[in-house]
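Remarks on the structure that follows.
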Amino acid sequence: MADYDLTQTHIIHLDEPKHEIALSTEKLNVYYGENRAMHDASLQFERYRITALIGASGSGKSTYLRSLNRMNDNIANSRVTGKIMYRDLNINSDEIDVYKMREHIGMVFQRPNPFAKSIYDNITFALKRHGQKDKKYLDEVVETSLKQAALWDQVKDSLGKSALALSGGQQQRLCIARAIAMKPDILLLDEPASALDPISTNTVEETLIRLKEEFTIVIVTHNMQQAARISDYTAFFHSGRALEFDETRKLFTRPKIKAAEDYVSGHFG
Amino acid sequence: MDPIKASLLKKSRAAKSETRGKLISLVCISLIVFIVLAIFYFVASRGLATFFKDKVSIGRFLTQSTWNPSLKDSHGHPEVGALPMIMGSFGVTFLAALLATPFAIGAGIFMTEISPKRGEKLLQPVMELLVGIPSVVYGFIGLSVIVPAVRHLFGGSGFGILAGTCVLFVMILPTVTSMTVDALKSVPRHYREASLALGATRWQTTWKVVLKAATPGILTGVVFGMARAFGEALAVQMVIGNAALLPHNLITPASTLTSVLTMGMGNTVMGSLANNALWSLALLLLLMSLLFNLLVRLIGRKGAMNR
């Protein structure tokens with residue numbers, strides 16, 4: 001891999017965003033034991049926008065995403081320093097109830113991971129865990145979230161069926177429905193389409209574009225066309241650093257950093 | 001003929017040694033199958049002699065409660081009622097499994113979900129050690145600690161199903177626990193992450209997602225533990241009291257299929273009814289362990305279907 005100047009960065013600051021900043025990080029560092037996996041990442045995520053995180057494998061983009069709703073807490077020896085600001089609150093602090101926080105900052109993973117339960121129970125799982133018992137409300141949420149995830153028409157007659165009987169693309173949309181059933185503010189997606197075929201990928205992308213009217217979306221993707229197609233902002237990661245952050249249009253047409261330029265033009269490494 | 005053509009038509013050394021290897025493994029597996037079948041045949045032929053040669057009805061054997069194979073009752077029927085032993089065996093097995101399962105699940109959760117590091121360093125070796133202790137040692141400890149304790153707490157002689165259950169509980173706990181741990185460990189990480197990402201707490205995740213996914217594996221562990229408890233002879237025989245009476249409570253002397261076998265096998269004449277009756281008990285044991293095995297397979301298959 002070619003050596004790039006890691007000190008040179010181009011991170012725009014959203015001074016007058018159309019919507020408010022829903023989530024931002026200030027000098028976020030992630031350590032796995034002695035290994036520093038993320039260096040001082042400071043990014044902002046605007047509400048009702050899709051921000052894509054791109055970069056090669058091992059660049060730290062997934063690490064960064066996972067620290068946003070503190071999923072890295074579960075990894076032994078990991079340590080996250082710096083600020084994650086959500087509603088003027090630093091959620092990277094011990095006072096925060098992580099479980100409550102994750103109601104507002106949901107996550108969808110690379111591999112579709114529905115529970116071995118019925119479709120209905122998959123969606124109501126989190127609501128029930130948080131004490132929601134009203135059957136009518138649950139039914140309603142199942143319907144609306146499945147509709148939002150573009151899955152309702154295919155499964156409305158078989159809500160009692162095991163979620164594992166669905167196809168990969170349907171499972172992933174079920175996972176998205178499961179995450180938005182909590183009515184979160186922010187949706188984090190870790191390569192949600194990388195395990196899917198092109199047609200399912202397309203459906204998931206369309207779903208995401210519709211979802212951004214209601215949610216703030218941060219998505220990690222390996223697929224640069226995907227980032228270009230669906231995102232409003234893009235952050236380029238390399239060697240555990242966020243090197244460039246700009247509007248997607250600008251980053252893909254006129255990247256400012258050499259590494260980003262090589263990456264989006266396919267001459268990377 | 002050109003040499004390549006010739007070599008293609010002749011078996012090479014590698015091909016020959018492959019055939020030889022296949023033959024050797026075939027012989028090995030045949031031997032094992034033969035031994036198992038021979039054991040079955042032998043036990044069955046002796047065990048069934050009670051019913052066919054000595055004309056004891058199977059129904060009476062399974063339901064009568066007087067065990068005295070050398071005597072005949074007032075109607076001239078031999079007294080070979082195995083019900084007390086069957087009850088005793090099932091009693092200690094189920095009670096021990098009932099007692100061990102919650103502990104195994106608790107220990108398993110601690111070792112996989114709560115403190116994997118300490119679990120691996122501390123509990124794993126302890127469990128392995130527990131498996132390695134010879135059953136006679138368990139029996140001896142049971143005899144000198146549990147029996148007096150039961151006597152002291154509940155009265156009676158102290159011998160009985162309760163003492164047997166306690167000993168078996170300790171004996172099967174490591175088996176059930178280690179299989180529970182394996183089952184919990186094999187639950188994919190993304191299950192846990194999915195649940196945590198939805199804001200479920202660790203406990204909710206463990207209880208509602210991980211345990212549910214691991215249920216077939218845990219059940220397999222329980223059945224394995226039950227198979228071990230059912231077949232255990234020495235330790236049980238030392239604490240159960242060995243009275244072939246229908247157990248009315250947990251603290252009067254009772255007996256199990258295995259304990260009657262170990263007590264009686266040296267004291268009967270080959271070919272006599274008393275001897276054949278013992279073989280019938282052995283046959284019953286064999287069939288039960290077969291049943292346990294089938295159960296394990298059934299659970300495994302059902303678990304694989306749900307994945």
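So the sequences go chain by chain: A and B.
Residues in the first sequence are numbered from 1 upward in steps of one, following UniProt numbering.
Residues in the second sequence are numbered from 1 upward in steps of one, following UniProt numbering.
The C-beta atom is built at its ideal place from N, Cα and C for all residues, glycine as well.
No experiment lies behind these values; they were computed from the predicted model shown.
Cβ-based burial, residue i [other Cβ within 10 Å; buried from 16]
i, result
"Asn275(B)", "buried"
"Ile39(B)", "exposed"
"residue 312(B)", "This structure does not reach residue 312(B), given that chain B is present from 1 up to 307, and the question cannot be answered."
"Pro78(B)", "buried"
"Met1(B)", "exposed"
"Tyr263(A)", "buried"
"Lys61(A)", "buried"
"Val239(B)", "buried"
"His238(A)", "buried"
"Phe125(A)", "buried"
"Gly160(A)", "exposed"
"Asn249(B)", "exposed"
"Thr7(A)", "exposed"
"Gln154(A)", "exposed"
"Ile35(B)", "exposed"
"Met270(B)", "exposed"
"Tyr137(A)", "exposed"
"Gly131(A)", "exposed"
"Val147(B)", "buried"
Test item: CB-CB of residue i and residue j under 8 Å
i, j, result
"Leu83(B)", "Gln64(B)", "yes"
"Leu168(B)", "Glu232(B)", "yes"
"Leu208(A)", "Ile230(A)", "yes"
"Ala213(B)", "Val187(B)", "yes"
"Leu14(A)", "Thr216(A)", "no"
"His10(A)", "Arg47(A)", "no"
"Val98(A)", "Thr63(A)", "no"
"Ser145(A)", "Ile119(A)", "no"
"Leu281(B)", "Met111(B)", "no"
"Leu65(A)", "Ile105(A)", "no"
"Asp51(A)", "Ala242(A)", "Looking at the sequence shown, residue 51(A) is not Asp but Thr. In this structure, Ala242(A) does not lie closer than 8 Å to Thr51(A) by Cβ."
"Gly155(B)", "Met179(B)", "no"
"Ala277(B)", "Thr66(B)", "no"
"Thr205(B)", "Leu196(B)", "yes"
"Glu205(A)", "Gln171(A)", "no"
"Arg192(B)", "Val209(B)", "yes"
DSSP-derived helix/strand/coil call for residue i
i, result
"Val137(B)", "helix"
"Ala116(A)", "coil"
"Asp40(A)", "strand"
"Tyr86(A)", "strand"
"His267(A)", "coil"
"Ala177(A)", "helix"
"His19(A)", "coil"
"Arg307(B)", "With a pLDDT of 49 at Arg307(B), under the threshold of 50, the modelled position of this residue cannot be trusted, and the question is left open."
"Ala150(A)", "coil"
"Phe52(B)", "helix"
"Arg241(A)", "strand"
"Thr220(B)", "helix"
"Thr205(B)", "helix"
"Asn249(B)", "coil"
"His10(A)", "strand"
"His130(A)", "coil"
"Ser30(B)", "helix"
"Lys27(A)", "strand"
"Ser194(A)", "coil"
"Thr144(A)", "helix"
"Leu298(B)", "helix"
"Ser45(B)", "helix"
"Glu247(A)", "strand"
"Tyr137(A)", "helix"
Supposed close pair residue i, residue j - CB separation, criterion 8 Å
i, j, result
"Ala229(B)", "Ala97(B)", "7 Å"
"Leu189(A)", "Ile180(A)", "Rounded, the Cβ-Cβ distance is 11 Å, inconsistent with contact."
"Ala49(A)", "Lys212(A)", "According to the sequence shown, residue 49(A) is Arg rather than Ala. Rounded, the Cβ-Cβ distance is 6 Å, consistent with contact."
"Gly240(A)", "Arg79(A)", "Going by Cβ atoms, the distance from Gly240(A) to Arg79(A) rounds to 14 Å, so no, they are not a contact pair."
"Leu127(A)", "Leu151(A)", "With 8 Å as the limit, Leu127(A) and Leu151(A) do not qualify as a contact, their Cβ atoms being about 17 Å apart."
"Phe245(A)", "Tyr233(A)", "7 Å"
"Val236(B)", "Gly164(B)", "5 Å"
"Pro192(A)", "Ile219(A)", "7 Å"
"Gly55(A)", "Pro112(A)", "Contact flag wrong, Cβ pair sits at about 23 Å."
"Val80(B)", "Phe61(B)", "6 Å"
Uninterrupted alpha helix (DSSP H) stretches inside the stretch 140-196 of chain B (no shorter than 4 residues)
Qualifying alpha helix (DSSP H) stretches, in chain order: 147-154, 161-185.
Considering only residues of the stretch 51-114 of chain A, which uninterrupted alpha helix (DSSP H) runs meet the minimum length of 4 residues and lie entirely inside it, listed in chain order?
61-68, 98-104
Which residue spans inside the stretch 61-110 of chain B form an unbroken beta strand (DSSP E) run of at least 3?
Listed in chain order, the complete beta strand (DSSP E) runs (minimum 3 residues) inside the stretch 61-110 of chain B are 67-72, 78-80.
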